[in-house]
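Taking it in order: structure first as structure tokens, then the write-up.
There are 2 protein chains.
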Amino acid sequence: MLLKIENVGQYLRDAGIKPSIQRLKIFEILAKSYEHPTVENIYTQLSPEIPTLSKTTVYNTLKLFQKHGLVMVINIEDNETRYDADTSFHGHFKCNVCGKVSDFNIPNTQPLIESLKGSLITESHYYLKGICAECRLRTDN
Amino acid sequence: MLLKIENVGQYLRDAGIKPSIQRLKIFEILAKSYEHPTVENIYTQLSPEIPTLSKTTVYNTLKLFQKHGLVMVINIEDNETRYDADTSFHGHFKCNVCGKVSDFNIPNTQPLIESLKGSLITESHYYLKGICAECRLRTDN
DNA sequence: TATAAATTTGCAATCGTTACAAATCTGAAA
DNA sequence: TTTCAGATTTGTAACGATTGCAAATTTATA
Chain Z
11 MLLKIENVGQ
21 YLRDAGIKPS
31 IQRLKIFEIL
41 AKSYEHPTVE
51 NIYTQLSPEI
61 PTLSKTTVYN
71 TLKLFQKHGL
81 VMVINIEDNE
91 TRYDADTSFH
101 GHFKCNVCGK
111 VSDFNIPNTQ
121 PLIESLKGSL
131 ITESHYYLKG
141 ICAECRLRTD
151 N
Chain L
11 MLLKIENVGQ
21 YLRDAGIKPS
31 IQRLKIFEIL
41 AKSYEHPTVE
51 NIYTQLSPEI
61 PTLSKTTVYN
71 TLKLFQKHGL
81 VMVINIEDNE
91 TRYDADTSFH
101 GHFKCNVCGK
111 VSDFNIPNTQ
121 PLIESLKGSL
131 ITESHYYLKG
141 ICAECRLRTD
151 N
């Protein structure tokens, strides 16, 4: 989802991260769009603006965000790691035709799983794959 | 979960796959255990029994199983692809301490997601991460 | 037994990610 | 302002999982 953060610099500072230009821009891409970009996506988008940007910086920064709980990792495809600045519990839907990943709300709260009694749950992930409405219309599926 | 398949050879044949020794053994590892092995796991387990086994064969075979709907991919960690011969909808829980991945049943049916109306859903994945009961007791978490 | 097709194998290539050390930047003290 | 230490960024090399591909082997068929 689109996160409404007025001051990204403050948001990072509050999380204990010094807001360098690279960090600010990377976080903005994550927060101010509906995409769930890969490292490659972020790097490509930012390169014109920050020509000296290194892909290593993107990796390092995302690791840093993760460590501070500002970002969650989306593993839908095994060869495609995506990132999301919305860390609240929500689902992801990936269209196998156009490749887009969209968010969806999960109505009810998580069910209590009997067999996991005694376990500590720190992360929940729910995702679906299929063909999105637009692609179905377009391709007659 | 533990799949109860009396005749693995027949099961593969029914799916349109000729049951070679390699395919049989690889499928047995997937079906007859609670683990959710990686390619590495499978290769290591089978190597003593089939000394000529190639890791490429494991990859090819898993791709083939996938194509015929006999196997689902589990992407919990971005650097660790696991496989499961139980393709029915169920959840996975990964313990961050011992690393084990266990199954759990999901009680109620999937909620209808309003925003996905018109989409065709072909795969559902639900997974949790945390610390399992055993590791909590052992490590005092 | 001969031959074609299917399967397996081994190796090289690819790609995403990480390690690491040098370069650059930032902020505080002098 | 200048200097210096620490933080951050960068580029390159290394690594590991996965794939491409062609040769070798096995299996099925005539």
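One line per chain: the protein sequences are Z and L, in this order.
With our numbering applied, the first sequence closes on residue 151, and no number is skipped along the way.
With our numbering applied, the second sequence closes on residue 151, and no number is skipped along the way.
Glycine included, C-beta positions come from ideal geometry on N, C-alpha and C.
No experiment lies behind these values; they were computed from the predicted model shown.
Residue interval of the alpha helix (DSSP H) (run including residue i)
i: L:G19; result: V18 to D24
i: L:V83; result: L:V83 -> not in any alpha helix (DSSP H); beta strand (DSSP E) instead, spanning M82 to E87.
i: L:Y137; result: From DSSP, L:Y137 is part of no alpha helix (DSSP H) but of the beta strand (DSSP E) over L130 to I141.
i: L:T62; result: No alpha helix (DSSP H) holds L:T62; DSSP gives it neither H nor E.
Sub-8 Å separation of residue i and residue j beta-carbons
i: Z:D88; j: L:V18; result: no
i: Z:H100; j: Z:V111; result: no
i: L:A95; j: L:L13; result: yes
i: Z:G140; j: L:I131; result: yes
i: Z:V107; j: Z:T48; result: no
i: Z:I123; j: Z:K104; result: no
i: Z:I60; j: Z:K35; result: yes
i: L:L138; j: Z:E133; result: yes
i: Z:L40; j: Z:V81; result: yes
Contact set between residue i and chain Z, taken where Cβ atoms lie within less than 8 Å
i: L:I31; result: Those within 8 Å of L:I31 in chain Z number zero; the least Cβ separation is about 27 Å.
i: L:R148; result: The contacting residues do not exist; L:R148 stays about 12 Å from chain Z at best.
Where residue i falls, given that 16 or more other Cβ within 10 Å makes a residue buried
i: Z:R8; result: Outside the shown range of chain Z, which is 11 to 151, sits residue 8 of chain Z, and nothing can be said about it.
i: L:Y69; result: exposed
i: Z:T71; result: buried
i: Z:I31; result: exposed
i: Z:Y44; result: exposed
i: L:L147; result: exposed
Cβ-based neighbour list, residue i, same chain, cut-off 7 Å, excluding 5 preceding and 5 following
i: L:G128; result: none
i: Z:I27; result: R33, L74 and H78
Chain-ordered chain Z contacts of residue i [CB-CB under 7 Å]
i: L:I131; result: L138 and G140
i: L:H78; result: Residues of chain Z passing the Cβ test: none, with the nearest at roughly 17 Å.
i: L:N151; result: L130
Enclosing beta strand (DSSP E) for residue i [first to last residue]
i: Z:K104; result: G101 to C105
i: Z:E90; result: E90 to D94
i: L:D150; result: From DSSP, L:D150 is part of no beta strand (DSSP E); its letter is neither H nor E.
i: Z:S43; result: Here Z:S43 belongs to no beta strand (DSSP E), and DSSP marks it neither H nor E.
i: L:S112; result: V111 to F114
Cβ neighbours of residue i in the same chain (closer than 6 Å, five flanking residues each side left out)
i: L:M11; result: D96 and D113
i: Z:H46; result: I84, R92, D94 and V111
i: Z:Y21; result: I15
i: Z:C145; result: C105, V107 and C108
i: Z:F37; result: V18
Contacts that residue i makes with chain L (C-beta to C-beta distance below 8 Å)
i: Z:N85; result: N85, I86, E87 and D88
Own chain partners of residue i with C-beta closer than 8 Å, once the 5 adjacent residues on each side are dropped
i: Z:I116; result: F99, H100, G101 and Y136
i: L:L63; result: Q32, Y53, L56 and S57
i: Z:N151; result: V107, I141 and C145
Partners in chain L for residue i, counting only beta-carbon separations shorter than 9 Å
i: Z:H135; result: I86, H135, Y136, Y137, L138 and K139
i: Z:S125; result: F103, S112, D113, F114 and N115
i: Z:A143; result: L126, K127, G128, S129 and L130
Chain L residues whose Cβ lies nearer than 7 Å to that of residue i
i: Z:T91; result: D88
i: Z:I39; result: The contacting residues do not exist; Z:I39 stays about 19 Å from chain L at best.
i: Z:F75; result: The premise fails here: Z:F75 is roughly 15 Å from chain L at the closest Cβ pair, so nothing lies under 7 Å.
i: Z:A95; result: Neighbours of Z:A95 on chain L: none; closest Cβ ~17 Å, over 7 Å.
Under 9 Å by beta carbon: chain Z residues contacting residue i
i: L:F99; result: Near L:F99 there are no residues of chain Z at all, since even the closest Cβ is about 11 Å away, more than 9 Å.
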